[in-house]
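Colleague: Chain order of the listed sequences is A and B. Here the first sequence stands for residues 10 to 259, numbered as in the working numbering. Here the second sequence stands for residues 10 to 259, numbered as in the working numbering. All C-beta atoms, glycine included, are put in the ideal place defined by N, C-alpha and C. A quick note: this is a predicted structure, and the numbers were derived from the prediction, not measured.
Number of protein chains: 2
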Amino acid sequence: MNVQKTPAVARFLGVLGGMGPLATADFLAKLVAVRPAQSDQAHLPVLVWGDCEVPDRTAALAGLGPSPLPALLAGARFLDAFGVGAICMPCNTAHYWMDELRQACEAPWIDMIQACVSGIRQVQPAVRSVGVLTTAGAAAVDLYPRALRHAGLHAVTPTPQAMARWVTPGIELVKAHRLTEAAQLLVCAADELRECGAEVTLLGCTEIPVALASAMAAEPQRFIDATSALAWAAHAHFEAQARPVGAPAW
Amino acid sequence: MNVQKTPAVARFLGVLGGMGPLATADFLAKLVAVRPAQSDQAHLPVLVWGDCEVPDRTAALAGLGPSPLPALLAGARFLDAFGVGAICMPCNTAHYWMDELRQACEAPWIDMIQACVSGIRQVQPAVRSVGVLTTAGAAAVDLYPRALRHAGLHAVTPTPQAMARWVTPGIELVKAHRLTEAAQLLVCAADELRECGAEVTLLGCTEIPVALASAMAAEPQRFIDATSALAWAAHAHFEAQARPVGAPAW
């Protein structure tokens, strides 16, 4: 097939998804939720590459499985060749490979880690200590703690025992679509982070907010949902593109 | 870009989505739910063309707006040129144009109307009278009642007053992301269909099950969710493709 890059396709947000598939559905629902639209046509067109067969990110970062990078690059290049206006990836852990992905594409990327940390500073500027729930892979490469430090924030991370007992099995239960059991484990991990001084807790694996939807609704100030932060950033990116020169900032 | 049709891309389900965007997210979540998978990699890869700017289907069928067919064909041809193993479209009303879409593509289509009617016969074989909640556009072209009659089932449809008071505004409220208000209206319509003899009610517009999630959970036997029926049919299609010759039927 031949697809030309035209303004008509630049209106699409490219989504490098499937990691996991339920998290991609959650992201798409949040992308609708952040947009003040009254009709289908006022929402953001998306092209979703949902290859859930991308090798496991945490296994790769632990040296226990193949790198996901070739599969990630294949999806990114597909979206880029189509000519999407921007690309985002609703998988926090895969942002470890963001430099390589950026280099492979002409389209700008909307970075979930940056969107999330910026969101904390904007929405809860008084917060200093941020609990961090991520995969073991993201934890091993210091993905969020490093970004938080750069923003002048302190990261409170689970103990190895908490990762093994609650966080890692909780994430795996979401991937097996056992959401109630997952929530029970993940709430234990969030409670321990609060006891250790976390003022808010960042849900920095896209599986986690899927399981903790009820907990987030009950205590909206307590949790920072990286998936929602990415949805807001994607919406803002396209609003900025669409705004006439001289219009006030979004 | 050049994309070759290979077995590697035939493992993808093509989704002609965006009608509306929240309904597409709902379909993707249901596609995960129907699959007995324990990990991301065991789910079904998807390529989603989510062009929510496709002209309004009901307006077109009422002669009040442009045809969505050119936009539908653009998306369908994109998915087909990529080489997806099958295409589905989580929008009931747009199935009015299914013949044209089939003719434009090499890939097989998984038909939502057929999936839904077959689902009723399989899951609730004793049912004879089926309440039908759809858009005014689908109602105007007799989309579900005709398919139900072909299957030997009787359709119970809303009165014009019920369409104007409950169904059409309920669907529009989902598109504006006002789900609680939408549910209140749509439940009234479903209750009236039951009073008129409907044994079950078919939710034949993809916006409706999004709003009625709680009602479906409370009375799972009462509602037929066309979005779930499509997810089951898509899952079954790819399972059948993957099954070794001689294996038992799914």
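DSSP state of Asp234 of chain A, grouped into three classes?
Modeller: Looking at Asp234 of chain A - three-state DSSP - the assignment turns out to be strand.
Colleague: Return no unless some Cβ of chain B is closer than 9 Å to the Cβ of Phe232 of chain A.
Modeller: No, because no Cβ of chain B sits closer than 9 Å to the Cβ of Phe232 of chain A.
Colleague: Would you report the Cα separation of Gln112 of chain B and Trp106 of chain B, rounded to the nearest angstrom?
Modeller: Each residue's alpha carbon lies about 10 Å from the other.
Colleague: Kindly indicate which three-state DSSP category Leu56 of chain A falls into: helix, strand or coil?
Modeller: It is a strand residue.
Colleague: Across the stretch 78-91 of chain B and the stretch 36-48 of chain B, are there enough close Cβ pairs to call them in contact, namely three or more that are closer than 8 Å?
Modeller: In short, these stretches do not touch, since the Cβ pair count stays below three.
Colleague: Three-state secondary structure (DSSP) at Met10 of chain A?
Modeller: Summary for Met10 of chain A: the model assigns pLDDT 46, below 50, so the residue's position carries little reliability; its value from the coordinates is reported in the next sentence. Met10 of chain A falls in the coil class under three-state DSSP.
Colleague: Please tell me whether Met10 of chain B has its Cβ less than 9 Å away from any Cβ of chain A.
Modeller: Bear in mind that a pLDDT of 47 at Met10 of chain B, under 50, signals an unreliable position, so the model cannot answer this.
Colleague: Which same chain residues, not among the five before or five after Ala191 of chain B, have their C-beta less than 7 Å away from its C-beta?
Modeller: These residues qualify, in order along the chain: Gly179, Leu182, Val183, Ala220.
Colleague: What separation, rounded to the nearest whole angstrom, lies between the Cα atoms of Pro167 of chain A and Leu73 of chain A?
Modeller: Going from the Cα of Pro167 of chain A to the Cα of Leu73 of chain A covers about 22 Å.
Colleague: Counting contacts by CB-CB distance shorter than 9 Å, is Cys267 of chain B in contact with chain A?
Modeller: Nothing about residue 267 of chain B can be reported from this structure: the residues present for chain B run from 10 to 259 only.
Colleague: Please determine, among A:Ala242, A:Glu216, A:Phe247, the residue with the shortest C-alpha to C-alpha distance to Asp270 of chain B.
Modeller: Not covered by the structure: residue 270 of chain B. The range shown for chain B is 10 to 259.
Colleague: What in chain B is Cβ-close to Ser48 of chain A, meaning under 7 Å?
Modeller: Near Ser48 of chain A (Cβ distances below 7 Å), the residues of chain B are Lys184.
Colleague: How far does the alpha helix (DSSP H) with Leu31 of chain B in it reach, from first residue to last?
Modeller: Start and end: 30-42.
Colleague: Can you pull the chain B neighbours of Pro30 of chain A, defined as C-beta to C-beta under 8 Å?
Modeller: Those are Leu37, Leu40, Val41, Asp49, His52, Leu53, Val55, listed as they occur along chain B.
Colleague: Could you spell out where the alpha helix (DSSP H) holding His163 of chain B opens and where it closes?
Modeller: First-last for His163 of chain B: 163-165, but that is the beta strand (DSSP E), not the alpha helix (DSSP H).
Colleague: Can you pull the chain A residues whose beta carbon is under 8 Å from the beta carbon of Thr33 of chain B, in chain order?
Modeller: Chain A residues near Thr33 of chain B: Leu37.
Colleague: Across which residues does DSSP place Leu212 of chain A in a beta bridge pair?
Modeller: According to DSSP, which records beta bridges pairwise, Leu212 of chain A is partnered with A:Leu142, A:Asp234.
Colleague: With a 10 Å radius around its C-beta and 16 neighbouring C-beta atoms as the bar for buried, classify Asp108 of chain B as buried or exposed.
Modeller: It counts as exposed.
Colleague: Quick one: which unbroken alpha helix (DSSP H) runs of 4-plus residues sit fully inside the stretch 179-207 of chain A? Chain order, please.
Modeller: Listed in chain order, the complete alpha helix (DSSP H) runs (minimum 4 residues) inside the stretch 179-207 of chain A are 188-204.
Colleague: Could you have a look at Val150 of chain B and say whether DSSP puts it in helix, strand or coil?
Modeller: Val150 of chain B: coil per DSSP, three-state reduction.
Colleague: I want to verify the contact list: residues of chain B whose CB lies under 9 Å from the CB of Ala27 of chain A, in sequence order.
Modeller: Reading off the sequence, residue 27 of chain A comes out as Gly, not Ala. Asp49, His52, Pro54, Val55, listed in chain order.
Colleague: Is there at least one Cβ from chain A nearer than 9 Å to Ala251 of chain B's Cβ?
Modeller: Closer than 9 Å: no.
Colleague: At a Cβ threshold of 9 Å, is Trp58 of chain A touching chain B?
Modeller: True, the Cβ-Cβ gap to chain B drops below 9 Å.
Colleague: Could you tell me the alpha carbon to alpha carbon distance between Met98 of chain A and Thr177 of chain B, rounded to whole angstroms?
Modeller: Approximately 35 Å between the Cα atoms of the pair.
Colleague: Tell me, please, whether the stretch 236-243 of chain B touches the stretch 30-37 of chain B by the rule of three or more beta-carbon pairs shorter than 8 Å.
Modeller: The stretch 236-243 of chain B vs the stretch 30-37 of chain B: in contact.
Colleague: For a quick check, are the C-beta atoms of Val55 of chain B and Leu22 of chain B less than 9 Å apart?
Modeller: Taking 9 Å as the Cβ cut-off, Val55 of chain B and Leu22 of chain B qualify as a contacting pair.
Colleague: Answer yes or no: do Ala160 of chain B and Val141 of chain B have a C-beta to C-beta separation smaller than 9 Å?
Modeller: No, they are not a contact pair.
Colleague: How would you call Thr189 of chain A, buried or exposed, if buried means at least 16 neighbouring beta carbons within 10 angstroms?
Modeller: By the neighbour-count rule (16 or more Cβ atoms within 10 Å), Thr189 of chain A is not buried but exposed.
Colleague: Note down the Cα distance separating Gln133 of chain B from Gln230 of chain B, rounded to an integer number of angstroms.
Modeller: So the alpha carbons of these two residues sit roughly 8 Å apart.
Colleague: First and last residue of the beta strand (DSSP E) that includes Val24 of chain B?
Modeller: Per DSSP, Val24 of chain B belongs to the beta strand (DSSP E) from 22-26.
Colleague: Put Ala116 of chain A into one of helix, strand or coil per three-state DSSP.
Modeller: Of the three classes helix, strand and coil, the one that applies to Ala116 of chain A here is coil, per DSSP.
Colleague: Beta-carbon separation of Leu239 of chain A and Ala124 of chain A under 9 Å?
Modeller: Yes. Within cutoff.
Colleague: Short of 6 Å in beta carbon distance, which residues of its chain neighbour Cys284 of chain B, apart from the five on each side in sequence? Order them along the chain.
Modeller: For chain B, the structure presents residues 10 to 259; residue 284 of chain B sits outside this window and is missing.
Colleague: Within 9 Å of any Cβ in chain A, is that where the Cβ of Glu190 of chain B sits?
Modeller: It does not; no Cβ of chain A falls within 9 Å.
Colleague: In chain order, what residues of the same chain lie with their CB nearer than 8 Å to the CB of Leu194 of chain A, ignoring the 5 residues before and after it?
Modeller: For Leu194 of chain A, where only same-chain residues beyond five positions count, the Cβ hits under 8 Å are Arg174, Trp175, Val176, Pro178, Gly179, Leu182.
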